[in-house]
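There are 2 protein chains.
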Amino acid sequence: MGKDKKAVVVGAGLVGALWAVFLAKRGYDVSVFEQRSDMRRAGYAGGRSINLAMSDRGWKAVEQAGIKEKLTQVAIPMYGRMMHSTSGELAFQPYGKDNQAIYSVSRGGLNLELLNIAAEFPNVKFFFDHKCRRFEPSEQAIWFEGPDDSLKKVEAPLIFGVDGAFSAIRNSLQRLPRFNYSQSYLDYGYKELAIPANEDGSHRLEKNALHIWPRGQFMLIGLPNVDGSFTCTLFLPFEGSEAAFDRLDSDQTVLAFFQKYFPDTIPLMPSLLDDFRQNPASALVTVRCNPWHYEDKVLLLGDAAHAIVPFFGQGMNAGFEDCTLLDEMIDTFDEDWGRIAAAFSASRIEDGNAIAELALRNFIEMRDLVADPKFLLRQKIAARLHEKHSDFLPLYSMVTFSNIPYSKALQAADEQNVLFNRILALPDIEQNWESNDQIDVIFQDWKQMHKGV
Amino acid sequence: MGKDKKAVVVGAGLVGALWAVFLAKRGYDVSVFEQRSDMRRAGYAGGRSINLAMSDRGWKAVEQAGIKEKLTQVAIPMYGRMMHSTSGELAFQPYGKDNQAIYSVSRGGLNLELLNIAAEFPNVKFFFDHKCRRFEPSEQAIWFEGPDDSLKKVEAPLIFGVDGAFSAIRNSLQRLPRFNYSQSYLDYGYKELAIPANEDGSHRLEKNALHIWPRGQFMLIGLPNVDGSFTCTLFLPFEGSEAAFDRLDSDQTVLAFFQKYFPDTIPLMPSLLDDFRQNPASALVTVRCNPWHYEDKVLLLGDAAHAIVPFFGQGMNAGFEDCTLLDEMIDTFDEDWGRIAAAFSASRIEDGNAIAELALRNFIEMRDLVADPKFLLRQKIAARLHEKHSDFLPLYSMVTFSNIPYSKALQAADEQNVLFNRILALPDIEQNWESNDQIDVIFQDWKQMHKGV
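If you're matching them up, the sequences are chains A and B in order.
Following numbering that gives the first Met the number 0, the numbering of the first sequence begins with 0 at its first residue and continues without gaps.
Following numbering that gives the first Met the number 0, the numbering of the second sequence begins with 0 at its first residue and continues without gaps.
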């Protein structure tokens, strides 16, 4: 099949567009089908997106695709979390050391850029307004609903299903024997809100930080945009006794809620009530499946294979890393797509499940623990160990500032819990953590037990 | 909506046909759509079914529907398990006490009978050869592919999705926000085989037993039919080093496999090699979802809501119990389908998940533990406790010979493990289990801890 060098990519979102670039660079004739209209003409419909935080795995992929330069221009470094207490006090926690940062990018802006880059290749063709209805294994074909509502059959020897969390390609695979699948929703929803720029175009909050208003069972976050604004996201239970979307059903209740929990944001959000009314409360899903491929014919990538909740900022990064790893396997297995697909599926699913789990855990960290003195102490001790011992990587750094497989990071996280439980049990650790030599003794001992982490 | 008294049932399998009877008796105009042809004319296509074991929950439902008498005629009581060792030795384990039995029925025969009974109601209409493509919430309509391949839209205020493990109705609900779903396959498959009747129509093995050839990692079972034959099922890993379907790829390997593991069956199965070649190795899936309903408009029943593996013989029984419980709720909530659907979903999902778990556990019991002396000792002690203490029900009896909610049975199973771990730790229990008074002391003590189980 490699001989044909023809591929269909279903989905022109972030990962689909990037993967089209990878394929085009390898000389494939690539047809990209997308259900939405061409955002280069139609514009980008906002109102339900969470800003993206690009980190090392994402950068590696765009670098490998040769497009890092262009994307750097639309990204804002965030060097740490800025926590906002209810009384408006600020506290900054760096993400890493030596100016390590994650980068805020707007989903629409990045997608547009990726489409432009892919469209420069003469061997990439786009078909917008084509809604994928299903993949038919018996015909090795995909049925699309075209712009005039007509059904259209596209035969394709090699198909990449990059059509997102609600993938129609995956839905077809789901009907095949022995395809394991799960979709699992949080009881939480999210709503996009906005902090506009100052009149002079400057940012109303510290620009180079990810802002968090942690409130225990819920939270607000804000990420900077290049135009001086912040895209904010409120995460809240759908139903509940007080702090829940179903209770915030009028301007009065919304305002009272913000006055109680986020008073410092009210002067920053002139369109709060309009935004709250107009933007939907969207759901948060985790999708797992196994396998990610069908014979040598279909492969799922990105959210279609592993949609995760956004709390570790790794959804796009994981999808981009799919591209890097898959591209490497094309060489490893000499363009034999049967072996590539099986090997990719067998090795990468474990990582997809691991980042899904880590993302769920990080919700608790962001909405609750970042305001907990014990957790903050742990973070400081982790940073100290990271400074002193080059072989110690805190979990956040492993996920964000390395290319260590997610499954290894998950395993290391569980092992690090053992380490910190021992350290935090030391007498007077709250006072003496900066100078207590026992920390290093415990660390060396723990390292012996878990070599190489 | 109750006023209209119109309902659509999608699926005329066992549970769909029975539920149509319940609705018809309440005066509903019922339209039943089924993708297969009318088996009353076309006959029943065998070759991939496992015989059913009807137990108390099933009988209660058919009794409530007023059709128990008719069904009794096609059911054969099985009073226990008959284990076949490799050397052909037999060992019998009763299922309960006082001639308690489960009843072997053929899927085709039972389905046919249920269709006949439903068809006697003038307010039940059948539409065969109608394949459900999808439910459209925006239209409150179902799209069917009719016998002439044309698409047909059926609007319906009240829809019951009883279309099995691969339910198209559920697949549509799956696309709605916040619908949790999982399908999970075992690495095992099953294949139907046959032991025909003797020439005089008598059974070649003990008629009133469920036969098991337990072999550790795999097993063969056989259930009696009224015509003197047995329907057998081989459960085997799909892939493996020796005992696996992918290794049994020729008459030679199949014969050698049976000679090694099931030598006593070879003279009983004259068509073994033909059956093995012709019948597929089918997959075993567990389906879980939440919720089971959509507003007051759609409700899932039977395998569509909770497909389980067959090892506790509870798939049909659980689906029939859905009908009993749902029918009771129609009275409880005064035919208000919004409240009925929400209450049914909220209370019954826990039971569906519990029987799914118990069925998975029972595979290990059937294929492995029933040949383990320690397990057999435990079973004997459980039977002794059951004889002496009317308030002690072994797990099997709770599931099979009672209407205790499955979730309670699962909880009790875990609690009983604690009891038997203590009893089996008594000195010389292998020798003195019949007379050891400590058993009753431990039991009374345990009962205090878990009152009322």
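Every residue gets a Cβ at the ideal spot worked out from N, C-alpha and C, and that includes glycine.
Note that the structure is a prediction, hence the values are computed from the model and not measured.
By the three-class DSSP mapping on this structure, what secondary structure does residue i have?
i                : result
Leu17 (chain A)  : helix
Ser401 (chain B) : coil
His385 (chain A) : helix
Leu89 (chain B)  : strand
Val8 (chain A)   : strand
Val452 (chain B) : Confidence at Val452 (chain B) is low in this model, with a pLDDT of 45, below 50, so the placement of that residue is unreliable and no value is reported for it.
Ala41 (chain A)  : helix
Gln216 (chain A) : coil
Met315 (chain A) : helix
Met365 (chain B) : helix
Arg287 (chain A) : strand
Pro262 (chain A) : helix
Tyr27 (chain B)  : coil
Ser201 (chain A) : coil
Glu429 (chain B) : helix
Ser249 (chain A) : coil
Gln378 (chain B) : helix
Met268 (chain B) : coil
Lys347 (chain A) : Note that residue 347 (chain A) is Arg in the sequence shown here, rather than Lys. Looking at Arg347 (chain A) - three-state DSSP - the assignment turns out to be helix.
Glu356 (chain B) : helix
Asp371 (chain A) : coil
Ala411 (chain A) : helix
Lys206 (chain A) : coil
Asp235 (chain B) : As written in the sequence, residue 235 (chain B) is Leu, which differs from the Asp given in the question. Strand, per DSSP.
Gly1 (chain B)   : Its pLDDT being 44, under 50, Gly1 (chain B) is placed unreliably in this model, and the value from its coordinates should be taken loosely. Of the three classes helix, strand and coil, the one that applies to Gly1 (chain B) here is coil, per DSSP.
Tyr395 (chain B) : helix
Val104 (chain A) : strand
Ile307 (chain A) : coil
Gly163 (chain B) : coil
Gly57 (chain A)  : helix
Leu453 (chain B) : The shown model of chain B, from 0 to 452, leaves out residue 453 (chain B), and the question about it has no answer.
Ala243 (chain B) : coil
Tell me whether residue i counts as near the ligand ZN, meaning its Cβ is closer than 6 Å to at least one heavy atom of that ligand.
i                : result
Leu247 (chain A) : Judged by which ligands are present, the structure shown has none, so any question about the ligand ZN falls away.
Mind listing the chain A neighbours of residue i? Cutoff is C-beta to C-beta under 7 Å, in chain order.
i                : result
Pro176 (chain B) : Ala282
Kindly list, in the order they appear in chain B, the residues whose Cβ is closer than 7 Å to that of residue i.
i                : result
Asn179 (chain A) : Gln182, Ser183 and Tyr184
Chain A partners of residue i, CB-CB under 8 Å?
i                : result
Phe165 (chain B) : Arg174
I think residue i touches residue j, with their Cβ atoms under 8 Å apart; what is that distance to the nearest whole Å?
i                : j                : result
Met82 (chain A)  : Val369 (chain A) : 6 Å
Val161 (chain B) : Val8 (chain B)   : 6 Å
Asn179 (chain B) : Cys288 (chain B) : 6 Å
Leu409 (chain A) : Leu357 (chain A) : 6 Å
Phe400 (chain B) : Gln99 (chain B)  : 5 Å
Ile194 (chain B) : Phe229 (chain B) : 4 Å
Val398 (chain B) : Gln313 (chain B) : 6 Å
Tyr189 (chain A) : Ala280 (chain A) : 7 Å
What do you reckon, are the CB atoms on residue i and residue j nearer than 7 Å?
i                : j                : result
Tyr395 (chain B) : Ala282 (chain B) : no
Val29 (chain B)  : Val123 (chain B) : yes
Leu454 (chain B) : Leu17 (chain B)  : Residue 454 (chain B) lies beyond the residue range present for chain B, which begins at 0 and ends at 452; the question has no answer from this structure.
Met315 (chain A) : Leu51 (chain A)  : yes
Glu205 (chain B) : Thr232 (chain B) : no
Ile75 (chain A)  : Pro223 (chain A) : yes
Ala11 (chain A)  : Val31 (chain A)  : yes
Val14 (chain A)  : Gly318 (chain A) : yes
Gly472 (chain A) : Ser249 (chain A) : Residue 472 (chain A) falls outside the range modelled here, since chain A spans only 0 to 452, and no answer is possible.
Arg80 (chain B)  : Gln63 (chain B)  : no
Gly26 (chain A)  : Lys4 (chain A)   : yes
Asp321 (chain A) : Gly163 (chain A) : no
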